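Worksheet: the structure to be examined is printed underneath.
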Amino acid sequence: MPYAPEHDEVPNPLRKGLRADPAPEPCAIVVFGASGDLAHRKLLPALYNLAAAARLPASFGLVGVSKSPFSHEQFQKDMREAVGRFSRTKPIDEEVWKDFAEGMRYCAGPFDDAATFQRLKAQLEELDKMRGTRGNRLFYFATPPSTFPVLLKQLKAAKLINKPLETQSTRIVIEKPFGRDLPSARALNQLVLDVADEKQIFRIDHYLGKETVQNLLVFRFGNSIFEPIWNRQFVDHVEITAGEELGIEARGRYYEEAGIMRDMIQNHVLQLVCLTAMEPPVAFDADAVRDEKIKVLRAIQTMDTPEQVARNVVIGQYTEGSIAGADVPGYQQEKDVAQGSRTPTFVALKFNINSWRWGGVPFYLRAGKRMPKRATEIAVFFKPLPHSLFGSGATQPNVLVIRVQPQEGIALRFNAKVPGERYRPRTVSMDFRYGSTFGATSPEAYERLLLDAMRGDQTLFTRKDEVEAAWRIVGNILKVTENPESPAPFAYEAGTWGPPQADQLLEQDGRNWRRL
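Per my numbering, residue 105 is the first one in the sequence shown, and the count goes up by one each step.
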């Protein structure tokens with residue numbers, strides 16, 4: 105017989121005709137908000153890790169921009185400390201860092217001052233000469249949303265944003281939240297498209313860079329055994345949980361403005377819904393994938409009345425409690441939180457997707473702060489057996505669990521016979537874990553997303569219509585829950601899975617939340 109390779113053998117992309125990831129072109133990245141937490145914890149460590157893995161272009165430069173009065177050397181030293189503390193690869197390779205730091209510059213000044221952008225322009229032109237970045241730019245907005253319009257207008261006035269050219273690229277990465285509601289998101293989209301083309305805009309959601317989230321596409325559309333049962337004929341319901349042990353972590357001012365709906369549901373959690381419920385795309389490219397995601401968002405039944413919201417949405421706010429043996433304060437005792445605040449830190453809700461695939465299958469979502477543990481997962485519950493041969497309650501419905509974090513992997517729960525003479529079924533699991541299977545640490549989400557942005561690949565970034573469709577869903581709920589005449593959030597003790605009313609949301613349908 106001719107040799108047949110094992111299924112786990114890594115294919116050669118060129119031999120198999122698959123698209124190999126292109127190397128990014130030379131470029132300079134500009135990080136607005138370079139003195140902030142996101143730059144220190146995520147962006148600079150991610151860029152360093154790409155440099156250590158030889159994934160950055162050889163001709164690369166970086167300019168940090170903020171109001172802090174740093175020199176180039178002080179900025180390099182500050183970023184060296186941040187990378188040493190937060191990078192997933194340690195210790196720092198001094199040779200890699202030396203070359204990385206040589207292309208690092210700093211530009212101090214307020215964002216509303218045109219002189220700041222003239223200095224930035226001069227530094228970028230210097231990097232073109234010294235580092236060979238060829239006029240290619242990637243502007244990263246690691247700043248509060250209120251600064252986005254100012255940055256866009258200043259970049260346009262300084263002629264730092266060019267429409268797409270064959271010889272040069274200008275791209276803009278914008279952090280969440282993209283708008284505060286549907287009208288503000290539309291206004292921001294209009295402003296963005298006044299200064300740039302949609303193909304230049306990368307609205308980032310770091311959840312889409314997580315390995316397990318990306319693997320969900322491969323799992324669904326790369327295995328013939330799951331797609332035939334991924335529908336209303338076989339699936340009873342879907343539960344998506346995004347829980348965090350942490351509280352608001354000194355972000356009281358931000359959280360008072362955002363709350364859990366804007367912070368988690370409008371972006372992260374709805375993205376997980378889209379990837380779980382979408383139809384197979386016609387091709388694996390940016391527009392084809394995002395076309396299918398937008399269909400899911402448009403099919404989600406909106407809640408247009410207070411009665412619908414009351415029946416399908418539960419919001420909560422944590423009080424003081426204990427997590428992992430340590431006492432923690434309640435939300436209203438956190439710094440910069442107003443006494444008597446009605447800002448929710450927990451939400452549980454039920455969605456219906458009006459489509460041929462999912463009609464009649466409820467999607468239950470929950471997200472919250474100060475949960476018993478950090479856990480993000482998608483649980484697909486299959487329908488119970490029509491008749492059990494082994495007695496009532498002897499077998500449990502099959503469940504497929506996709507763990508997004510922290511222990512990335514996939515588990516399938518099924519029934520098996522306990523050894524012995526009697527037919528005693530018991531639930532067991534097949535459990536795949538990334539770390540133990542592949543023997544390597546998964547790259548951080550920002551590493552993948554930054555690399556894709558440099559390449560111009562928008563597959564894992566959200567599109568204009570996608571953002572607005574998500575706000576249409578969430579905005580209707582916020583109109584009710586943020587009405588001063590609406591009931592205040594239910595209290596729940598820190599270290600629990602939300603208020604009892606969240607359990608009742610499923611119990612009224614004869615279901616329960618999965619134990620984590």
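Don't be surprised by glycine CBs; every beta carbon is placed ideally from N, CA and C.
Here the structure is a predicted model, which means the values were calculated and not measured.
A distance below 7 angstroms separates the beta carbons of ARG235 and SER163. Under the three-state reduction of DSSP output, GLY236 falls in the coil class, being neither helix nor strand. For VAL503 against ALA483, the beta-carbon gap comes to about 6 angstroms, under 8 angstroms, which counts as contact.
Taking all protein chains in view, the Cβ of ASN616 is surrounded by fewer than 16 other Cβ atoms within 10 Å, so the residue is classified as exposed. Inclusion of PRO448 and ILE364 in the CB contact set at 7 angstroms is warranted, their separation being smaller than that value.
In the three-state reduction of the DSSP assignment, PRO448 falls in the coil class. Secondary structure in the region 364-396: no beta strand (DSSP E) run of 3 residues or longer lies completely within the stretch. By the Cβ criterion, the region 300-320 is in contact with the region 262-269, since at least three pairs of Cβ atoms, one from each stretch, lie closer than 8 angstroms. Rounded to whole angstroms, PRO476 and ALA573 show a C-alpha spacing of 32 angstroms. In the DSSP secondary-structure assignment, MET208 is bridged to LEU166. By the neighbour-count criterion, in which 16 or more other beta carbons inside 10 Å mark a residue as buried, SER273 falls on the buried side. For VAL373, the closest C-alpha among the options TYR311, ASP285, GLU548, GLN258 is that of TYR311.
With respect to ALA205, GLN180 sits close: the two C-beta atoms are nearer than 7 angstroms.
Excluding its 5 nearest sequence neighbours in each direction, PHE282 has C-beta neighbours in its own chain below 7 angstroms: ALA289, LEU292, ARG307, VAL571, listed in chain order.
Contact between the region 217-232 and the region 579-586 is absent: fewer than three C-beta pairs spanning the two stretches fall below 8 angstroms. Inter-segment contact for the region 605-614 and the region 429-447 is absent: fewer than three beta-carbon pairs are separated by less than 8 angstroms. Looking only at PRO161, GLU199, LEU160, ARG209, the smallest Cα-Cα distance to MET183 is reached by ARG209. With a threshold of 16 other beta carbon atoms within 10 Å, HIS491 falls short and is exposed. For VAL522, no alpha helix (DSSP H) run applies, since DSSP gives it neither H nor E.
By the CB criterion at 7 angstroms, PRO130 and THR237 fall inside the cutoff.
Going by beta carbons, LYS146 and TYR550 fall inside the 7 angstroms limit. Around the beta carbon of ALA598, 16 or more other beta carbons lie within 10 angstroms, which makes this residue buried. Secondary structure within the region 511-593: the beta strand (DSSP E) runs of 3 or more consecutive residues, fully enclosed, are 513-521, 529-537 (chain order).
Across the structure, GLN412 and LYS568 are spaced so that their CA atoms are roughly 28 angstroms apart. Exclusion of the five residues before and after ASN335 leaves ARG461 as the residues of its chain whose Cβ lies within less than 6 angstroms of its Cβ. Cβ contact annotation for ASP216 (same chain, cutoff 7 angstroms, sequence separation greater than five): VAL254, in chain order. Check the Cα spacing between GLY464 and each of PHE243, ALA403, VAL505, THR480: the tightest is with ALA403. Relative to the Cα of GLU199, the nearest Cα in the group ARG241, GLU185, TYR152 belongs to TYR152. PHE252 is positioned such that its CB atom lies no closer than 7 angstroms to that of LYS487.
Contact holds between the region 587-607 and the region 414-429, because three or more Cβ pairs, one in each stretch, are under 8 angstroms apart. Distance from the CA atom of GLN258 to the CA atom of ASP285, rounded to whole angstroms, is 24 angstroms. In this structure, DSSP gives PRO604 a helical state, which the three-state scheme calls helix.
For the options PRO501, LEU553, PRO510, the alpha carbon positioned closest to that of VAL342 is the one of PRO501. A direct Cα-Cα distance of roughly 8 angstroms separates PRO249 from GLU279. Here VAL377 really is in contact with VAL400; their C-beta atoms are around 7 angstroms apart, less than 8 angstroms. Per the C-alpha coordinates, the member of LEU160, ARG159, LEU166, ALA158 positioned closest to GLY137 is LEU166.
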